[in-house]
Amino acid sequence: MVDSGQSLEANDSHTTALGDVDGDGDLDMVVADTAKGNWIYRNDGSGDYSSSTQLADINDSHFITLGDVDADGDLDMVRQTPVVKATGYT
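The opening residue of the sequence shown carries number 13 in my numbering; numbering runs sequentially from there.
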């Protein structure tokens with residue numbers, strides 16, 4: 013492992029999930045952050061996570077996972093809040 017020197021927008025993150033969110037063949041990262049909301053970091057193909065997008069109106073997540081929940085061929089996100097309320101997004 014080598015320190016990439018990259019920093020994340022998250023400051024109270026609880027979980028990260030890896031998956032090909034943008035369909036370009038490499039692993040992107042989704043970070044669950046209770047303080048600043050959830051973020052998607054897109055892998056630029058060289059191992060750097062150069063582009064980030066905050067998921068609007070989705071915050072206070074403690075657990076997050078990715079998978080094709082509805083079998084439509086793309087990744088969906090499932091998150092859990094501190095009060096054990098699970099929500100899915102497709």
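Yeah, the Cβ is synthetic: ideal placement off N, Cα and C, and Gly gets one too.
- D80 and D34 have their C-alpha atoms some 13 angstroms from each other.
- The beta carbons of A44 and S73 sit about 4 angstroms from each other, so the pair counts as a contact at 8 angstroms.
- Of all alpha-carbon atoms in V90, G37 and G57, the one lying nearest the alpha-carbon of D82 is that of V90.
- Setting aside the 5 residues that flank it on each side, T27 is surrounded in the same chain by A44, F75 and I76, each with a C-beta closer than 6 angstroms to its C-beta; the list follows chain order.
- When secondary structure is reduced to three states using DSSP, Q18 falls in the coil class, being assigned neither helix nor strand.
- Rounded to whole angstroms, V95 and K48 show a C-alpha spacing of 18 angstroms.
- Per DSSP, reduced to three states, the secondary structure at T77 is strand.
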